[in-house]
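Per the numbering used here, the sequence shown starts with residue 487, numbered consecutively.
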Amino acid sequence: MVSSKPVQTVLFFFIFYSVYTDVALSPFYPQFFEKVFGIRDLEFTAFYIFLSRLTVIIAIPIWGLLSKYVEVKHLLYAGQWISVVMLVGMGGAQHEQQFLFFTVLLLIGKSSFFLIYVFLIKLNGEEKRSTVVGTYHALFHGAIILGTLSGAWIIKLEDPLLLFYGLAVIEIVLWFICYLVFPKQSLREKNLSKQHPVHFGKEQFRFLLAISLVIFAFHTANNMIRPYFTIYTLDAFQVSLIESSVLYMLPSVMAIIAYPFIRKIGSPETLPVIFALAVGVISISLLLQGIVSGLMVLYLGRIFYGFFLALAQSVLEIYLFHKSNDRLHGNYAIVSSFQNAGLLVAPLLASMSVTLSNLAAPFIFASAICLLTLCGAQLTIFKARKPGFRK
Numbered sequence: 487m488v489s490s491k492p493v494q495t496v497l498f499f500f501i502f503y504s505v506y507t508d509v510a511l512s513p514f515y516p517q518f519f520e521k522v523f524g525i526r527d528l529e530f531t532a533f534y535i536f537l538s539r540l541t542v543i544i545a546i547p548i549w550g551l552l553s554k555y556v557e558v559k560h561l562l563y564a565g566q567w568i569s570v571v572m573l574v575g576m577g578g579a580q581h582e583q584q585f586l587f588f589t590v591l592l593l594i595g596k597s598s599f600f601l602i603y604v605f606l607i608k609l610n611g612e613e614k615r616s617t618v619v620g621t622y623h624a625l626f627h628g629a630i631i632l633g634t635l636s637g638a639w640i641i642k643l644e645d646p647l648l649l650f651y652g653l654a655v656i657e658i659v660l661w662f663i664c665y666l667v668f669p670k671q672s673l674r675e676k677n678l679s680k681q682h683p684v685h686f687g688k689e690q691f692r693f694l695l696a697i698s699l700v701i702f703a704f705h706t707a708n709n710m711i712r713p714y715f716t717i718y719t720l721d722a723f724q725v726s727l728i729e730s731s732v733l734y735m736l737p738s739v740m741a742i743i744a745y746p747f748i749r750k751i752g753s754p755e756t757l758p759v760i761f762a763l764a765v766g767v768i769s770i771s772l773l774l775q776g777i778v779s780g781l782m783v784l785y786l787g788r789i790f791y792g793f794f795l796a797l798a799q800s801v802l803e804i805y806l807f808h809k810s811n812d813r814l815h816g817n818y819a820i821v822s823s824f825q826n827a828g829l830l831v832a833p834l835l836a837s838m839s840v841t842l843s844n845l846a847a848p849f850i851f852a853s854a855i856c857l858l859t860l861c862g863a864q865l866t867i868f869k870a871r872k873p874g875f876r877k
């Protein structure tokens, strides 16, 4: 059976592992490049992050297009073996340019892993969609917490590059597990589109463009506050580095706590109301984080922010899946590229706002962008409440 528990367990673990490896070093890139390659110039770190995100933006739609013609498990296998080879290359890199080159190729391979999420959605059907989305976000944020905690340990290794050889071995083990667990017969679902073709008309195009722009703005706003968060809390609230790290991770903890609530998200007709409530609270909590001087209020702001951020993001994804029908992989690939574009733009806007004002400015700007996003969503994607494209 395609929907067997072992297959889904492996796929969910794959999501957790993929996110963990992506975020483990991300807060410590400046220290990593200085220790390994002797680079103290922060411009290289900024260029490295920029090129990495740009690679993902370009690669994801390509994998989504390939999924129309090639079975997902074979694309996943290809991505795994690309990752193995590139991780070995990163472990043996002699200088930063080699490391950057292998990173770009690694991300091309790892971008295939985004197919797993949509594949799980398709396997479980509409009735379990909220459960899959909730599980995904719980694993995603759990991996962020574990990755952030272990990143500090990784950077203290005598030769951090050796870690990449270990990751290559883990990728091989995961490929072998996938090969054993995945059924030998095709995992491809019956092609219903041959009997009931799904036409991609103007209405579908408008919806896809609208939700892509909403998700772009949503992720731009909520990633603006990340680059300077620890500096802001250290400066404005005089907390320790450990307490600043706790504040940074608190929204991820709340996203895990939100899991039971995400599972209970009901019919598509309720999604616009839930989204409006969630984004409204997000906007208020962002504003509070940027203007208050009391540490307790900051903690409360982070708690509410993390809980409703997970809720709002889940609503957008559930609504996208509900409206996509037989175009799940293609639509999600396009939307994911817009999401990653938001991650690309966010640090630039954060830097600009800090330069023009102060360290609290990203919170104020992010709050305003969230309100604009809410208005845009209500006027576009949630304007017509009738579910689906079944016309």
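Think of the CB as a built atom: it goes at the ideal place given N, C-alpha and C, for glycine as much as any other residue.
It should be emphasised that the depicted structure is a prediction, and the values quoted were computed from it without experimental measurement.
Under the DSSP assignment, V556 falls outside any alpha helix (DSSP H); it carries neither an H nor an E label. Within a 10 Å sphere around the beta-carbon of Q775 sit 16 or more other beta-carbons, which makes this residue buried. Between the segment 532 to 547 and the segment 558 to 576 there are fewer than three inter-stretch CB-CB distances shorter than 8 Å, so the stretches are not counted as touching.
Sequence-distant partners of F605 (beyond 5 residues in either direction) whose C-beta falls short of 6 Å from its own C-beta, in its chain, are V558.
Excluding the 5 residues flanking it on each side, V542 has same chain C-beta neighbours closer than 7 Å at L593, S597 and N826, in chain order.
Taking C-alpha positions only, A624 is separated from S853 by approximately 24 Å.
Contact check for L694 against N817 passes: the beta carbons are separated by less than 8 Å. Here E582 is near F519, since their CB atoms are less than 8 Å apart. Here G633 is buried, its C-beta having at least 16 other C-beta atoms within 10 Å.
Secondary structure note for R712: it is in no alpha helix (DSSP H), with a DSSP letter that is neither H nor E. The Cβ atoms of H705 and L829 lie closer than 8 Å to each other. The alpha-carbon separation between V522 and V767 amounts to approximately 43 Å. Under the 8 Å Cβ criterion, the segment 755 to 773 counts as touching the segment 794 to 810, having at least three qualifying pairs. Between the alpha carbons of F650 and G637 lies a distance of about 13 Å. Put simply, the backbone Cα of L497 is about 36 Å away from that of L865.
Pairing P713 with P833 gives a Cβ-Cβ distance under 8 Å. Distance from the CA atom of G687 to the CA atom of K614, rounded to whole angstroms, is 28 Å. Looking at Q724, L814 and P754, the one whose alpha-carbon comes closest to that of G780 is Q724. Taking 8 Å as the cut-off, the beta carbon of G577 is found no closer than this to the beta carbon of L660. Between the alpha carbons of S504 and N844 lies a gap of roughly 35 Å. At a Cβ-Cβ threshold of 8 Å, F868 and P758 count as neighbours. Judged by DSSP secondary structure, L834 falls within the alpha helix (DSSP H) whose first and last residues are L814 to L842. Looking from the CA of L733, the closest CA among V590, I748, T617 and I789 belongs to I789. For N610, the enclosing alpha helix (DSSP H) starts and ends at F600 to N610.
Counted as a single uninterrupted DSSP element, the alpha helix (DSSP H) harbouring L736 occupies residues L727 to I743.
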